[in-house]
DNA sequence: TTATGCTGTTAATCTACATTAAGTTTTCTA
DNA sequence: TAGAAAACTTAATGTAGATTAACAGCATAA
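Chains as they are written, first to last, in my numbering: chain A, 16 to 208; chain B, 16 to 208.
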């Protein structure tokens with residue numbers, strides 16, 4: 016198995032001895048997920064956090080009218096999951112599935128807790144990761160509350176430059192919070208972009 | 016100074032020796048903030064995270080039309096701040112002010128970094144705090160994207176039961192993302208609540 | 001005491017975006 | 001490689017919530 020993408024990511028924030036690295040790697044699990052397959056469905060208890068190494072994953076909620084609302088996209092190098100369910104180990108509110116054939120590396124929540132105790136440096140690693148996630152959510156919320164659709168689209172393009180073209184438009188529409196019809200009109204009408 | 020509320024909060028997640036506790040307390044600063052006074056304004060670099068011990072604080076963004084959008088309320092026992100600015104030590108996008116005469120306990124970002132090195136248990140403490148913040152943001156985002164105004168109001172009442180009555184309605188409107196006029200209509204019209 | 005200014009209410013009008021529906025193109029997949 | 005299923009477009013119509021405006025109740029304050 017090739018864990019290099021994840022290890023590089025870890026080494027950006029902490030350093031590990033050879034033994035620590037081996038121990039960490041021994042806790043990792045790999046899973047391939049085909050397009051449209053689910054990692055988690057609403058009501059599932061998440062096994063633990065997942066790191067994307069190939070493909071594109073996404074998490075979304077489903078409202079009472081059956082409409083999807085994308086919470087996050089995760090290309091390679093990003094983490095994905097229903098944080099509520101991961102942290103509290105209770106049934107979650109999100110669906111997590113693959114938009115393209117994907118591969119993830121994941122840890123059991125129980126192994127993660129063990130890792131925190133055995134190698135406290137991982138407390139630091141995930142503390143930093145958490146900070147970044149909070150900053151991202153704070154930004155998303157500011158945009159969602161205070162920008163019109165066209166500027167939320169621009170924000171999306173800035174956040175996920177690699178996805179802007181590879182993703183079906185309806186996924187983008189769901190992320191920025193408009194219907195596919197409206198996004199289509201917006202992009203084709205006044206100032207073609 | 017009375018740090019008991021903050022210390023209790025810390026002890027819920029980690030234990031400290033007497034020395035560690037003294038060292039931690041030596042890094043704390045106290046500040047009283049009168050109603051309508053700012054802790055931070057847009058463009059400021061935040062000094063560090065703040066824990067509310069009295070009153071009610073709030074953070075909000077200002078859109079280009081001059082409308083406020085409340086990101087968070089913080090009654091006693093809650094943390095508040097512009098996470099982007101705190102973490103990156105760059106100019107922030109949020110205003111933080113007091114809705115009622117308040118008192119906060121805060122740390123310099125540089126002291127916090129020192130604390131992480133000197134007492135690694137605080138990595139764990141803030142890792143857990145971060146997880147909770149992410150869960151809260153995830154929930155807020157799900158509501159904002161997938162619920163109509165009346166249910167976002169219900170969510171607000173569940174999240175901040177202590178504030179539902181003490182807060183001016185226009186603050187609540189700004190939090191749930193509608194105009195004060197619309198909230199007033201919603202609460203007084205069909206099914207008075 | 002009267003001003004001054006917040007806060008909340010009501011109601012008419014307006015608009016960004018949703019819904020519905022039909023047609024076209026692209027892409028899967030058998 | 002056909003034929004079904006997605007993905008995208010266009011346009012008519014509908015609506016949740018915004019805007020504007022006028023007024024009433026209460027504060028704080030001179």
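Yeah, the Cβ is synthetic: ideal placement off N, Cα and C, and Gly gets one too.
- Here residue 186 of chain A has 73, 85, 88 and 114 as same chain residues with Cβ atoms under 8 Å from its own Cβ, once five neighbours each way along the sequence are excluded.
- Among the CB atoms of chain B, none fall inside 8 Å of the CB of residue 111 of chain A.
- Under a criterion of Cβ atoms nearer than 7 Å, the residues of chain B adjacent to residue 102 of chain A are, in order, 146 and 150.
- For residue 98 of chain B, the chain A residues whose C-beta falls within less than 8 Å of its own C-beta are 146, 149, 150 and 153, listed in chain order.
- For the region 19–35 of chain B, no residue has a beta-carbon sitting nearer than 8 Å to a beta-carbon of chain A.
- Look at residue 53 of chain B: its C-beta is not under 8 Å from any C-beta on chain A.
- In the structure shown, residue 84 of chain B adopts extended strand secondary structure according to DSSP, grouped into three states.
- Residue 78 of chain A sits exposed, since fewer than 16 C-beta atoms from the chains shown fall within 10 Å of its C-beta.
- Closer than 7 Å at the C-beta level to chain A, one finds these residues of the region 70–91 of chain B: 76, 78, 84 and 86.
- The C-beta of residue 159 of chain A comes closer than 8 Å to at least one C-beta of chain B.
- Inclusion of residue 53 of chain B and residue 99 of chain B in the CB contact set at 8 Å is not warranted, their separation being larger than that value.
- Taking the CA atoms as reference points, residue 47 of chain B sits about 49 Å from residue 195 of chain A.
- Pairwise C-beta distances place the region 116–133 of chain A in contact with the region 59–69 of chain A, as three or more of them are shorter than 8 Å.
- Burial of residue 146 of chain A is indicated by the presence of at least 16 other C-beta atoms within 10 angstroms of its C-beta.
- Residues of chain B with a Cβ closer than 8 Å to the Cβ of residue 156 of chain A are, in chain order, 86, 152, 155, 156 and 159.
- The beta-carbon of residue 196 of chain B is placed no less than 8 Å from the nearest beta-carbon of chain A.
- Taking each of A:151, A:198, A:94 and A:181 in turn and checking the Cα distance to residue 68 of chain A, the smallest one comes out for A:94.
- Taking 8 Å as the cut-off between beta carbons, the residues of the region 113–143 of chain B near chain A are 131, 135, 138, 139, 141 and 142, in sequence order.
- Rounded to whole angstroms, the gap between the alpha carbons of residue 169 of chain B and residue 34 of chain B is 45 Å.
- The C-beta of residue 108 of chain A comes closer than 8 Å to at least one C-beta of chain B.
- The Cβ neighbour count for residue 96 of chain B, taken over all protein chains shown within 10 Å, is at least 16; the residue is labelled buried.
- Under DSSP, residue 188 of chain B forms no beta bridge with any residue.
- Beta-bridge partners of residue 40 of chain B (DSSP): none assigned.
- Per DSSP, the unbroken alpha helix (DSSP H) holding residue 101 of chain A starts and ends at 98–103.
- Comparing alpha-carbon positions, the option among A:39, A:117, A:18 and A:112 lying closest to residue 136 of chain A turns out to be A:39.
- About 7 Å separates the beta carbon of residue 197 of chain A from that of residue 164 of chain A, a gap short enough to meet the 8 Å contact definition.
- For residue 152 of chain B against residue 174 of chain A, the beta-carbon gap comes to about 15 Å, at or over 8 Å, which does not count as contact.
- Rounded to the nearest angstrom, the Cβ distance from residue 70 of chain A to residue 24 of chain A is 17 Å, too far for a contact under 8 Å.
- The secondary-structure analysis by DSSP pairs residue 95 of chain A across a beta bridge with A:65.
- Neighbours of residue 192 of chain A in chain B, taken as residues whose beta carbon is under 7 Å from its own, are 160 in chain order.
- For residue 196 of chain A, the enclosing alpha helix (DSSP H) starts and ends at 195–203.
- When DSSP states are grouped into helix, strand and coil, residue 59 of chain B belongs to the coil group.
- Listed in chain order, the non-local C-beta contacts of residue 158 of chain A below 6 Å within the same chain comprise 167 and 170, local neighbours out to five positions each way being set aside.
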